[in-house]
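Protein chains in written order, with the numbering used here: chain A, 56 to 196; chain B, 56 to 196.
Number of protein chains: 2
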Amino acid sequence: MQNFDTHSVFHLLHQQVRMITKEFNNQLSDHGLYHSQWSIIFCLEKFGSMTQTDIWKYLNVEAPTITRTLTRMEKNGWVIRTQGEDRRERLIELTESAHEKFKEVNRAVYEFEQDMVKGMSSEELKQFYHLLKKIGPKGEE
Amino acid sequence: MQNFDTHSVFHLLHQQVRMITKEFNNQLSDHGLYHSQWSIIFCLEKFGSMTQTDIWKYLNVEAPTITRTLTRMEKNGWVIRTQGEDRRERLIELTESAHEKFKEVNRAVYEFEQDMVKGMSSEELKQFYHLLKKIGPKGEE
DNA sequence: CTCAATTATTTACCTAGGTAAATAAAATTC
DNA sequence: GAATTTTATTTACCTAGGTAAATAATTGAG
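Right under this line is the structure:
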């Protein structure tokens with residue numbers, strides 16, 4: 056039996072997330088995408104056109120991260136950036152091509168995710184989700 | 056009640072890990088360290104002198120990642136790199152200064168980690184650890 | 001209406017992680 | 001023992017995330 060002091064838990068957490076991200080990117084490479092880019096596409100497919108601020112607030116990352124990733128995605132034909140009415144902001148929307156590819160990539164991602172958690176029952180997955188939510192400096196749930 | 060399909064779980068997982076890493080780095084900045092550097096120091100304090108291969112295999116990252124991080128750590132006076140008997144390999148050891156600072160940083164890290172999981176009982180933490188271990192492409196435990 | 005404050009985005013500079021290919025030294029094979 | 005293969009590390013080039021400071025446009029105060 057292993058010990059599960061906080062150090063072991065955080066160590067394992069980092070290792071697992073690195074492994075997941077690596078595998079995830081590996082799966083997505085067939086589609087010319089990276090994990091972070093997919094999360095933006097998913098977001099845009101779900102909510103429709105969004106400003107950059109909408110995106111980084113939803114994904115909980117900093118603004119420059121989104122600027123950079125969108126620049127790459129625009130270059131690779133995934134998104135279009137247009138100026139909003141408020142001329143400070145940029146409206147982001149998926150290209151036709153991105154929209155067409157969504158369903159196929161989504162299925163691949165879904166299958167990958169299912170595979171990653173196939174060692175867990177759905178009850179355990181639910182538990183895991185709730186425990187994960189409890190982590191944080193304010194002990195919030 | 057939220058849904059906890061796989062997408063929500065992985066989304067939350069990434070967000071939580073980003074948040075944890077950010078907070079962790081924030082705590083460590085007082086000591087002039089980053090999370091990854093600390094994990095190497097911890098490792099060297101625990102196992103003593105190691106080769107770079109020992110380190111990246113233990114931490115489950117690729118070799119170039121360790122090369123880079125050790126270069127910074129050497130520059131900042133945390134480690135010394137000497138040539139091993141096998142002249143291909145580099146032996147890494149903590150500097151006196153790093154060794155001296157270990158205990159203090161370790162306490163700060165410990166307190167930070169305790170704070171992050173204070174919303175969980177020790178039973179829940181144990182459960183979380185075991186559930187986390189179940190994630191993976193081979194469904195291994 | 002003008003000037004100060006706020007807001008959205010970007011730029012510059014940092015760490016961390018990955019892959020592929022290059023070295024260099026050791027181990028193996030013939 | 002020379003040539004091939006393996007192993008340890010590095011280099012070059014990529015994505016992703018962060019902070020601090022710079023723009024640029026809008027809002028608000030007076």
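Note that beta-carbon positions come from the ideal geometry of N, C-alpha and C, so glycine has one too.
### Nearest neighbour of Leu83/B, chosen from Tyr165/B, Lys188/B, Glu179/B [CA to CA]
Tyr165/B
### Query
Would you say Arg127/A faces chain B, with C-beta separation under 9 angstroms as the test?
no
### Task
Taking all protein chains shown into account, decide if Ala153/B is buried (16 or more other Cβ within 10 angstroms of its Cβ) or exposed.
buried
### Task
Report yes or no: do the region 103 to 119 of chain B and the region 68 to 86 of chain B share at least 3 C-beta pairs separated by less than 8 angstroms?
no
### Task
Specify the secondary structure class of Val160/B as computed by DSSP and reduced to three states.
helix
### Task
Inspect the CB distances between the region 173 to 187 of chain B and the region 61 to 68 of chain A and report whether three or more fall short of 8 angstroms.
yes
### Query
Of all Cβ atoms in chain B, is any one closer than 9 angstroms to the Cβ of Val116/A?
yes
### Query
Quick one: is Arg123/B near chain A, going by C-beta distance under 9 angstroms?
no
### Task
Kindly indicate which three-state DSSP category Thr137/A falls into: helix, strand or coil?
strand
### Message
Counting only Cβ pairs nearer than 7 angstroms, list the residues of chain B close to Asp170/A.
### Response
Pro192
### Task
Would you identify the three-state DSSP class for Leu149/B, choosing helix, strand or coil?
strand
### Message
Taking only three categories from DSSP, how would you classify Met74/B?
### Response
helix
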